[in-house]
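Have a look at the structure below before the remarks.
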Amino acid sequence: MIKTNLSAIYRDYIACLNKQDWPKLGQFVHDEAIHNGRRVGLSGYLEMLRRDFDEIPDLYFDVQMLISDPPYIASRLGFDCTPKGAFLGLDVNGKRVSFAENVIYEFRGEKIVQVWSVIDKAAIEAQL
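The opening position of the sequence shown corresponds to residue 1 in UniProt numbering, with each subsequent residue numbered one higher.
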């Protein structure tokens with residue numbers, strides 16, 4: 001897969017998330033997807049995203065950095081949002097917080113098959 005093609009697919013995936021266009025999610029996420037070592041499949045991945053948007057109504061994925069080395073994408077995502085209650089075990093309770101997530105995705109064909117994600121929890125703690 002060509003780097004520019006994978007980058008474009010990834011940006012389309014992020015647009016899908018930001019639009020909450022759940023019927024299209026299967027175009028980007030493999031049926032057997034794994035998230036941080038746990039097999040969640042497409043249905044579990046969708047459930048995770050729906051829960052995120054329910055807990056953080058103003059959630060928006062901002063691609064701040066993108067590195068493509070097929071079949072991998074590395075991305076730094078920025079967030080500036082207001083989680084409704086507890087988030088990552090922290091009592092945010094509607095306070096606006098800014099933080100980053102560093103994510104590596106493995107693609108099989110044009111679909112995400114594995115995700116490794118680390119959220120900068122310390123940045124949130126510092127704002128509380």
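We put the CB at the ideal spot given by N, CA and C, even for glycine.
As the structure is a computational prediction, the values presented were derived from the model and not from experiment.
> When we look at the beta-carbon of residue 114 and count the other beta-carbons within 10 Å, is it buried (16 or more) or exposed?
Replying inline: Stepping through the sequence shown from its first residue, residue 114 is reached at position 114. Under this definition residue 114 is a buried residue.
>> Can you tell me whether residue 59 is helix, strand or coil according to DSSP?
In response: Numbered from 1 along the sequence shown, position 59 holds the residue referred to as residue 59. Coil.
> In the stretch 33-93, which residue ranges form an unbroken alpha helix (DSSP H) of at least 4 residues, counting only runs that do not cross its ends?
Replying inline: 41-55
> DSSP state of residue 120, grouped into three classes?
Replying inline: Counting from one through the sequence shown, the residue named residue 120 turns up at place 120. Residue 120: coil per DSSP, three-state reduction.
> Closest to residue 128 by CA distance: which of 111, 82, 103 is it?
Replying inline: Numbered from 1 along the sequence shown, position 128 holds the residue referred to as residue 128. When each option's Cα is compared against that of residue 128, the closest is 82.
> Where does residue 29 land, buried or exposed, given buried means 16+ other C-beta within 10 angstroms?
Replying inline: On the sequence shown, residue 29 is found 29 positions in, with the first residue counted as 1. Residue 29 should be labelled buried.
> From residue 129 to residue 93, what does the alpha carbon distance come to, in whole angstroms?
Replying inline: This structure cannot settle anything about residue 129, because the visible part of the chain is limited to 1 through 128.
> With 16 other CB atoms within 10 Å as the buried threshold, where does residue 132 fall?
Replying inline: Because the chain here runs from 1 to 128, residue 132 falls outside it and cannot be looked at.
> Does the beta-carbon distance from residue 116 to residue 103 come in below 8 Å?
Replying inline: Taking the sequence shown and counting its residues from 1, one reaches residue 116 at position 116. Taking the sequence shown and counting its residues from 1, one reaches residue 103 at position 103. Yes, the Cβ-Cβ distance between residue 116 and residue 103 is below 8 Å.
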